[in-house]
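K.L.:
I am attaching a structure below and will ask some questions about it afterwards.
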Amino acid sequence: MSDLETLSASVTALEESIATTNGGLDVFYLLFAGAMVFFMQAGFAMLCAGSIRAKNVKNIMLKNILDACGGAVGFWTIGYAFAYGGADSSKLTFIGNSDFVLANIHDGASLIGWFFQFAFAATAATIVAGTVAERCKFEAYIAYSLMLTGFVYPVVVHSIWSSSGFLSAFTDDENKFLGSGMIDFAGSGVVHMTGGVTALFAAKILGPRIGRFYDADGNELPEPVSFPPHSVALQVLGTFILWVGWYGFNPGSTLGISPAGYADVAALCAVTTTLAAASGSVSAMFTDMLMTRKATGETMYDITMCMNGALSGLVGITAGCSVCEPWAAFVIGIIAGWVYIFFSSLLVKLKIDDAVDAVPVHFGNGMWGCIATGLFASPGLVANAYGTPNNGLFYGGANAGSSWVLRLLEEVGLDISHHKGAAY
Amino acid sequence: MSDLETLSASVTALEESIATTNGGLDVFYLLFAGAMVFFMQAGFAMLCAGSIRAKNVKNIMLKNILDACGGAVGFWTIGYAFAYGGADSSKLTFIGNSDFVLANIHDGASLIGWFFQFAFAATAATIVAGTVAERCKFEAYIAYSLMLTGFVYPVVVHSIWSSSGFLSAFTDDENKFLGSGMIDFAGSGVVHMTGGVTALFAAKILGPRIGRFYDADGNELPEPVSFPPHSVALQVLGTFILWVGWYGFNPGSTLGISPAGYADVAALCAVTTTLAAASGSVSAMFTDMLMTRKATGETMYDITMCMNGALSGLVGITAGCSVCEPWAAFVIGIIAGWVYIFFSSLLVKLKIDDAVDAVPVHFGNGMWGCIATGLFASPGLVANAYGTPNNGLFYGGANAGSSWVLRLLEEVGLDISHHKGAAY
Amino acid sequence: MSDLETLSASVTALEESIATTNGGLDVFYLLFAGAMVFFMQAGFAMLCAGSIRAKNVKNIMLKNILDACGGAVGFWTIGYAFAYGGADSSKLTFIGNSDFVLANIHDGASLIGWFFQFAFAATAATIVAGTVAERCKFEAYIAYSLMLTGFVYPVVVHSIWSSSGFLSAFTDDENKFLGSGMIDFAGSGVVHMTGGVTALFAAKILGPRIGRFYDADGNELPEPVSFPPHSVALQVLGTFILWVGWYGFNPGSTLGISPAGYADVAALCAVTTTLAAASGSVSAMFTDMLMTRKATGETMYDITMCMNGALSGLVGITAGCSVCEPWAAFVIGIIAGWVYIFFSSLLVKLKIDDAVDAVPVHFGNGMWGCIATGLFASPGLVANAYGTPNNGLFYGGANAGSSWVLRLLEEVGLDISHHKGAAY
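Chains as they are written, first to last, in this note's numbering: chain A, 18 to 441; chain B, 18 to 441; chain C, 18 to 441.
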């Protein structure tokens with residue numbers, strides 16, 4: 018039977034060959050996605066540069082670059098180790114404790130994984146740069162940047178995305194928080210809420226820019242003063258770059274494209290991401306126009322609404338991009354536009370000065386994204402993406418899985434969880 | 018024979034495994050290409066922003082963003098359904114009639130296909146934004162944008178790219194227009210002429226900006242006045258982004274990379290795209306320099322010529338990028354530069370005011386691209402890409418296929434067809 | 018045994034199928050990487066535009082576009098043929114002599130290879146544009162650009178990367194220079210030193226801009242005058258675009274992703290590229306800050322240092338990105354920052370006026386990158402990437418391969434070689 022043996026050897030060789038091809042394909046996929054996410058640094062930088070007064074551009078640009086550089090150093094030295102090091106699904110830990118400085122890691126999958134995760138960490142960090150524009154000391158910002166990418170963000174990631182995290186969906190079943198764990202597909206919560214809430218605290222602590230709510234002597238102004246953006250072209254460029262980068266951020270969060278079913282999930286992410294951005298933009302712009310018309314009688318279209326609306330839709334769909342039908346993505350985007358307007362007005366009322374409205378976009382819609390996933394997750398799609406058919410409230414979910422939104426809202430008052438498994 | 022059975026099962030598993038890998042690879046390919054095409058939105062925005070007067074930047078930027086957002090909404094709700102829904106190669110229809118709002122579409126190939134096609138629709142829409150810059154009412158523009166991506170563009174796509182289109186090459190043979198159908202590889206006609214001709218009508222209807230050909234009282238000026246672009250840097254940025262995006266637009270139009278032969282076609286597209294852009298730029302710049310020198314005695318190099326020449330070459334090669342030899346791409350680009358200069362002068366003579374010269378670039382060279390394909394299609398390459406060896410006039414084509422350029426020019430006076438099949 | 022025959026046929030079909038998939042995957046990989054490298058043209062353009070005085074932007078932008086266009090024409094007509102045409106590893110030649118205008122080349126792998134190599138050639142050409150900004154005649158620049166991409170760069174490429182090059186590692190063993198040949202993974206030497214040294218000569222020949230070191234009458238100024246950049250936002254945009262493009266430049270230099278082991282190399286390149294950029298930026302900025310503080314007592318953070326430091330780190334890691342451990346990349350970046358500061362000061366001392374500091378970044382760190390590879394190449398990683406375990410000095414390399422750094426430094430005083438093989 019030498020023929021059979023030869024053939025058998027050929028088949029074995031083929032199996033290895035396909036495994037090699039798949040390995041190469043997946044590394045390429047994350048290289049592409051990671052580069053797109055890293056490109057978002059340019060988007061944030063342009064959005065910030067355009068949004069503020071010309072005299073402060075240099076200052077904020079320096080912070081934007083340092084976020085990328087400090088982020089890389091912080092995430093390489095300790096951040097990645099704290100986030101993912103030594104994970105063991107049988108026990109829960111606060112932080113990881115191995116793989117510092119990527120020592121002894123040589124396989125392509127892990128290395129490119131680090132690259133992809135680094136790009137996310139840098140994104141979380143740079144969200145803050147815009148908010149504190151025009152008034153944060155550079156040294157303080159460096160300290161913040163290293164702290165966030167080296168410690169705060171890794172702790173959040175570890176808790177939710179590592180298999181040893183106390184909120185994770187990847188621990189052994191008996192360790193899963195509320196029986197399912199908190200899951201966040203591409204990071205509405207992990208990335209955007211982390212960045213957004215940090216921005217909120219920073220803005221509160223630093224206080225408003227002089228002349229925004231109070232004059233130089235500290236007297237309250239009769240009306241809040243808006244500082245006009247100095248370059249709309251750069252703002253638009255930044256918005257488009259961010260939108261493009263999101264095609265790495267969301268579809269890339271499958272972390273691979275070769276396994277069966279992943280391509281369906283990734284393709285769905287591209288569609289839902291597109292629709293939520295579009296509807297968020299339209300929603301924010303027209304809602305603002307109608308509100309302004311009601312107040313002043315004038316019909317004005319505000320491009321800032323249009324841009325921040327699109328970004329709000331993108332943040333809002335980030336958690337649920339893989340489990341929502343296209344129509345749901347459209348609705349999530351519409352509401353994201355409203356969430357943006359609400360939080361933006363709220364900040365002004367609270368006299369918290371956010372130079373680029375990063376808090377409403379990333380914190381407000383980071384929250385909305387997590388809640389929305391609970392509401393709109395389609396049972397069929399969840400089954401595709403995660404193996405188990407948990408579903409959102411609007412599908413009348415009555416099983417254990419589907420009620421987590423309410424349970425979480427009741428029990429922890431914070432909702433950054435949805436169900437995931439296979440797709441990681 | 019259990020060994021044989023085991024082996025047979027392994028082979029079956031391998032076949033499925035390769036199919037999965039290929040599926041993933043092709044979705045990834047269109048995700049990449051679609052993201053690149055979408056990135057062109059940023060390119061158009063920067064080109065427009067740089068080309069016009071600073072005071073109008075905000076206005077045009079809003080239109081650019083709305084093209085992307087309105088385009089997504091329009092193409093999702095009805096556009097895609099009209100373009101491709103319910104196609105049946107056995108009968109011809111005016112428009113498609115199913116798959117509205119992507120209902121019931123869950124496979125990755127279709128979803129990512131929608132994403133890629135959406136990016137094309139948004140491109141067609143945004144071509145117009147530049148032309149009508151500085152004078153089109155925002156509400157009118159929104160209506161236009163939705164109409165174009167929701168109806169006009171889909172009708173064109175349906176006619177030429179759907180298997181039920183009356184000009185399509187994908188209908189059953191007896192339904193093929195002139196026996197072969199009209200084909201346009203990446204859309205010189207479908208995308209650029211559609212956008213360009215819309216821009217032409219819009220510019221005609223809106224009339225010129227005040228001070229361009231007539232003063233504020235409507236008196237004709239002795240000489241047309243050029244409005245200088247306010248930022249060359251943004252124009253160049255836009256040009257480069259568009260050029261980069263074209264590497265998604267043209268090679269991506271194979272719609273996949275895994276089937277045998279597709280990689281050869283995609284690689285050829287990258288080369289021909291590069292060469293036509295380069296020669297278009299050089300051609301327009303030096304031709305303009307020589308003409309100016311003859312007229313004025315001065316030697317001046319005009320960067321606008323350089324940029325629009327490159328874009329003209331890109332539009333000109335879009336139809337034939339997959340079937341022309343590199344030398345032919347070079348020649349097509351050279352002529353594209355002349356076509357641009359000719360149409361640009363013609364518009365000025367006709368007192369049609371195109372703020373960014375989008376009509377010469379997209380309409381003029383969209384036409385040229387379709388004609389050029391008929392002239393330069395290489396028999397060997399057509400056979401590679403489309404299965405049947407139709408060839409261009411310069412190869413002495415005398416068979417049925419090769420004479421379509423002349424036939425069409427005679428019969429319909431409009432030439433947006435070339436032969437394609439396998440590569441879709 | 019018809020079952021066995023059927024199965025055997027299936028296995029053969031599968032083998033072909035995988036080969037097709039791998040071919041498609043590799044073409045896609047180089048399309049992606051080449052597009053990213055081409056995108057660097059936009060990065061250079063924005064960096065230049067931002068770095069110079071507003072009045073000269075138009076002039077330099079024209080040169081930047083012409084580098085891409087002239088580069089394509091020059092590299093297509095003769096450059097590629099000189100670089101790679103008719104290579105034969107059994108004999109050494111000065112330049113290649115076939116494949117002019119890509120005649121008779123139709124396979125996807127070769128075509129996309131041309132595209133990727135063209136993008137590199139255009140990069141080498143455009144490095145010079147910034148240095149000679151504000152004073153080089155346009156006609157002279159065109160002549161330079163064609164000469165560099167058509168002849169100079171191809172000769173360098175031929176010598177080092179072709180299998181007939183006298184310094185190549187791909188000739189037959191008896192022809193290898195010093196027994197191993199000179200190798201440069203992604204082009205610290207081939208691309209960046211070539212561009213950088215050209216810039217140095219050009220800057221020397223053209224002389225400084227008026228008012229930089231001498232006044233309009235040629236009298237020496239007491240202190241060199243810096244011309245402030247006119248747009249920091251565009252500089253930062255350019256820096257980020259270049260950084261993103263480098264993820265095509267370095268990982269893409271594996272020239273494929275499907276063969277076994279390539280994915281590991283590509284992933285490592287993404288990581289080392291990131292870390293060197295980050296540490297280069299931090300190093301240059303803080304070193305400059307400390308030096309300035311020592312000199313003036315003031316604490317200032319210079320964003321130009323931050324940006325050029327990142328670019329220096331990127332150039333510095335380009336040669337060794339595939340063979341250095343992450344920690345080594347970090348160290349290489351740190352030193353790259355110092356190398357930048359040293360060369361930048363040296364140029365000022367020598368009264369050589371480099372408008373964008375391209376010489377320190379590309380020439381200075383191109384050299385450093387080649388030396389660094391010799392010092393830091395890890396034996397394990399070299400074995401992964403190149404088949405033979407040559408190692409850098411810091412690993413105590415005592416075998417024939419490892420001592421090439423010293424040998425070369427002694428014998429030719431120029432070190433642009435490291436060991437490579439399998440990864441090409």
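Each residue gets a CB set at the ideal place from its N, CA and C atoms; glycine is no exception.
Please read all numbers here as calculations on a predicted model, not as lab measurements.
#1: Which residues does DSSP pair with C:Glu237 in a beta bridge?
#2: With a 10 Å radius around its C-beta and 16 neighbouring C-beta atoms as the bar for buried, classify A:Ala250 as buried or exposed.
#3: Please determine if the region 291 to 299 of chain B and the region 339 to 348 of chain B are in contact, where contact requires at least 3 C-beta pairs separated by less than 8 Å.
#4: From C:Lys269 to A:Leu364, what distance separates their C-alpha atoms?
#5: Can you grab the Cα-Cα spacing for the pair A:Ala372 / A:Gly60, in whole Å?
#6: To the nearest angstrom, how far is the alpha carbon of C:Ala233 from that of C:Ile227?
#7: Tell me, please, whether the CB atom of C:Trp93 is closer than 7 Å to any CB atom in chain B?
#8: Is B:Ser179 helix, strand or coil by DSSP?
#9: Heavy atom of the ligand PLP less than 6 Å from the Cβ of C:Thr291, yes or no?
#10: Under a CB-based cut-off of 7 Å, is B:Ala295 close to chain C?
#11: I want to verify the contact list: residues of chain C whose CB lies under 7 Å from the CB of B:Trp344, in sequence order.
#12: Spell out whether any CB of chain B is found under 7 Å from the CB atom of A:Ser419.
#13: Please go through the region 238 to 325 of chain C and give each complete alpha helix (DSSP H) segment of 4 or more residues, from N-terminal end onward.
#14: Kindly say whether C:Phe99, judged by its beta-carbon, lies nearer than 7 Å to any beta-carbon of chain A.
#15: Does B:Leu13 have its Cβ less than 7 Å from a Cβ in chain C?
#16: For A:Ala71, is the classification buried or exposed, using 16 other Cβ atoms within 10 angstroms of its Cβ as the cut-off for buried?
#17: Let's test the definition: count the other Cβ atoms within 10 Å of the Cβ of C:Ile112 and tell me whether it reaches 16, buried, or not, exposed.
#18: Is A:Pro239 close to chain B, meaning its C-beta is less than 7 Å from at least one C-beta of that chain?
#19: What would DSSP say about B:Ala30, mapped onto helix, strand or coil?
#20: According to DSSP, is A:Leu109 part of a helix, a strand, or is it coil?
#21: Run through DSSP, which three-state label would B:Ile35 get?
#22: So what does DSSP say about A:Lys368, is it helix, strand or coil?
#23: Output the distance between the C-alpha atoms of B:Thr23 and C:Thr29, rounded to the nearest integer angstrom.
#24: In its own chain, which residues sit with a C-beta less than 6 Å from the C-beta of A:Leu163, not counting the 5 before and 5 after it?
#25: Alpha carbon to alpha carbon, what distance is there between A:Gly278 and C:Pro396?
#26: Is A:Ala203 helix, strand or coil when you go by DSSP?
#27: Would DSSP call C:Asn81 helix, strand or coil?
#28: Which runs of the alpha helix (DSSP H) at least 4 residues long sit entirely within the region 89 to 158 of chain C? Give them in chain order.
#29: Give the residues of chain B in contact with A:Val484, contact being defined as C-beta atoms less than 7 Å apart.
#30: Give me the chain C residues within the contact set of A:Lys75, using Cβ-Cβ distance strictly less than 8 Å, ordered along the chain.
#31: Is the region 46 to 65 of chain B in contact with the region 93 to 102 of chain B, if contact means three or more CB pairs nearer than 8 Å?
#32: Of all Cβ atoms in chain B, is any one closer than 7 Å to the Cβ of A:Asp281?
#33: Taking the straight line between their C-alpha atoms, what separation do you get for A:Lys75 and A:Asn81?
#34: A:Tyr264 touches chain B at which residues, Cβ-Cβ below 7 Å?
#35: For C:Gln252 versus C:Met324, is the C-beta spacing smaller than 7 Å?
#36: Check the Cβ-Cβ distances between B:Gln58 and every residue of chain A, and say whether any is below 7 Å.
P.N.:
Result, derived from the coordinates:
#1: C:Tyr231
#2: buried
#3: yes
#4: Residue 269 of chain C is actually Gly in this sequence, not Lys. Distance between the alpha carbons of C:Gly269 and A:Leu364: 46 Å.
#5: 16 Å
#6: 6 Å
#7: yes
#8: DSSP, reduced to helix, strand and coil, places B:Ser179 outside both helices and strands of the structure shown, so it counts as coil.
#9: Although the ligand PLP was asked about, the structure shown includes no ligands whatsoever.
#10: yes
#11: Val118
#12: Because A:Ser419 carries a pLDDT of 32, less than 50, the predicted location of this residue cannot be relied on, and the following value inherits that uncertainty. No, no contact with chain B.
#13: 249 to 266 and 279 to 313
#14: Put simply, the CB of C:Phe99 is far from chain A, with every gap to its CB atoms at 7 Å or more.
#15: The first residue shown for chain B is 18 and the last is 441, placing residue 13 of chain B beyond what the model contains.
#16: exposed
#17: Under the 10 Å beta carbon count, C:Ile112 is surrounded by 16 or more other beta carbons and is classified as buried.
#18: No, A:Pro239 lies away from the interface with chain B (no Cβ there is under 7 Å from its Cβ).
#19: helix
#20: Here A:Leu109 sits in coil by DSSP.
#21: helix
#22: coil
#23: 17 Å
#24: Gly87 and Gly91
#25: 39 Å
#26: If DSSP states are grouped into helix, strand and coil, A:Ala203 belongs with coil.
#27: helix
#28: Correct list: 97 to 101 and 125 to 148.
#29: Given a span of 18 to 441 for chain A in the structure shown, any question on residue 484 of chain A remains unanswerable.
#30: Val249 and Ile320
#31: no
#32: Taking 7 Å as the threshold, the shortest C-beta distance from A:Asp281 to chain B falls below it.
#33: About 10 Å.
#34: Leu48 and Ala52
#35: yes
#36: yes
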